[in-house]
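Following the numbering used here, the numbering of the sequence shown begins with 6 at its first residue and continues without gaps.
One structure is given below, encoded as structure tokens.
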Amino acid sequence: MASCLSRQIATLPPKYFYDTQGSKLFEAICELDEYYLTRTEARILSQNLAAIAQRAGADVALIDLGAGNCAKAFKLLARLRVRHYVPVDISTAFLSEAVKTLAQAYPDLEIHPVALDFSERFALPAAVQALPNKLFFYPGSSLGNFSPVQARLFLETLRAAGGDLLIGLDLVKPAAMLEAAYDDALGVTAAFNRNVLRQTNHLLGSDFDLASWRHKAVFNADHSRVEMHLQAATACHVSWPGGGRDFAAGETIHTENCYKFTCTGIEEMLHSAGFSDIACWSDPDDAYLVCHARAG
Ligand code: AVJ
């Protein structure tokens with residue numbers, strides 16, 4: 006964390022958004038009028054559940070990457086023939102609450118929660134790795150947090166683990182729509198972004214003053230990504246045990262990249278990671294894409 010903040014252009018890894026408060030703010034983001042991703046994906050999934058269920062087959066081991074409140078999987082579990090459910094998330098406190106509700110709704114389901122930061126290293130417990138008919142569920146365009154090279158490597162890792170893939174990805178669209186989705190009128194995304202400083206103060210012992218940082222969301226068309234930044238309103242010094250840094254007025258911390266894809270780009274990426282037999286579904290406005298692909 007200190008090393009990220011000490012770079013010439015300061016950064017903070019997006020995984021630090023998701024403490025308990027940040028996870029709740031993210032849930033609120035998903036309800037926003039401007040944030041079309043979650044509801045568009047839910048619609049695509051629900052309208053194509055029969056086809057997805059048929060491709061998935063029986064006795065599925067559903068591995069939910071970034072399960073959060075498990076709400077997305079909840080709907081899949083009702084229709085897919087899932088035997089084992091493996092919610093994976095970095096925020097374990099949030100996960101265990103969600104798992105309790107799920108276990109009551111699906112008493113026959115075998116649930117194996119896994120606390121894992123797969124942005125660092127992907128390692129499934131051996132008992133999970135050994136399950137047949139694994140299906141990696143990677144919704145929410147979360148793959149878009151990785152750089153294109155990291156994304157390809159991560160998909161290769163999933164394929165090498167022998168799992169099929171059900172993934173949802175956000176598509177390129179006019180900048181104004183993308184920027185509104187990441188800079189909503191209520192300021193929820195701004196709060197979500199600033200919360201990373203609260204979490205940094207907590208984990209690193211720094212003394213960021215949250216009120217003096219502005220939320221910025223811009224679509225970088227050259228890189229096909231929405232970038233989130235925090236911008237210092239005034240010059241300030243931030244200290245932490247063993248270090249610190251000066252920020253000039255207007256200087257920024259780069260907190261997140263959210264890559265936006267094209268349909269052909271997604272198919273090429275899945276193929277180059279070794280997946281085959283790819284089926285894709287979109288919404289009527291082509292805002293978002295859901296794909297099922299086989300490990301082969
Ligand atoms: C969870 C990474 C997919 O990129 O849309 C939402 C996170 N950041 N608003 C996204 C996010 C700001 C989200 N992902």
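The beta-carbon is built from N, C-alpha and C at its ideal position, and this holds for glycine as well.
On a predicted model such as this, the values are computed, not experimentally measured, just so you know.
Per DSSP, N225 lies in no alpha helix (DSSP H) segment; the continuous beta strand (DSSP E) that holds it begins and ends at W218 to N225.
In the DSSP assignment, A7 falls outside any beta strand (DSSP E) and within the unbroken alpha helix (DSSP H) covering A7 to S11. For V154, no beta strand (DSSP E) run applies; the uninterrupted alpha helix (DSSP H) run containing it begins and ends at P153 to A165, by DSSP. Taking 8 Å as the cut-off, the beta carbon of R60 is found closer than this to the beta carbon of H297.
If one requires a minimum length of 4 residues, the alpha helix (DSSP H) runs lying completely within the stretch 39-90 are 42-52, 54-61 and 76-84, in chain order. Residue side-chain check: L17 keeps its Cβ at 7 Å or more from all non-hydrogen atoms of the ligand AVJ.
Per DSSP, S281 is one residue of the beta strand (DSSP E) stretching across S281 to S287. When the Cα atoms are used, E161 and V93 turn out to be separated by approximately 18 Å. For G167, the CB contacts under 7 Å within the same chain, skipping 5 residues up- and downstream, are K139 and A300 in chain order.
Within the chosen limit of 7 Å, the ligand AVJ reaches the beta carbon of L42 through at least one heavy atom.
Beyond the five residues adjoining it in sequence on each side, A15 comes within less than 6 Å, by CB distance, of I258 in the same chain, given in chain order. Straight across, the Cα-Cα distance linking A238 with L215 is about 10 Å.
The closest heavy atom of the ligand AVJ lies less than 7 Å from the beta carbon of G149.
Cβ-Cβ distances below 7 Å link Q13 to nothing in the same chain once the five nearest sequence neighbours on each side are left out.
The DSSP-derived three-state label of S277 is helix. E261 has its Cβ nearer than 7 Å to a heavy atom of the ligand AVJ. Exclusion of the five residues before and after A278 leaves R157, L160, E161 and R164 as the residues of its chain whose Cβ lies within less than 7 Å of its Cβ. Annotation for K139: no alpha helix (DSSP H) segment contains it, though the beta strand (DSSP E) segment containing it runs K139 to Y143. Judged by DSSP in its simplified three-state form, F213 adopts coil rather than helix or strand.
Short note on S146: C-beta closer than 7 Å to some heavy atom of the ligand AVJ. Only exposed fits H207, as fewer than 16 other CB atoms lie within 10 angstroms of its CB.
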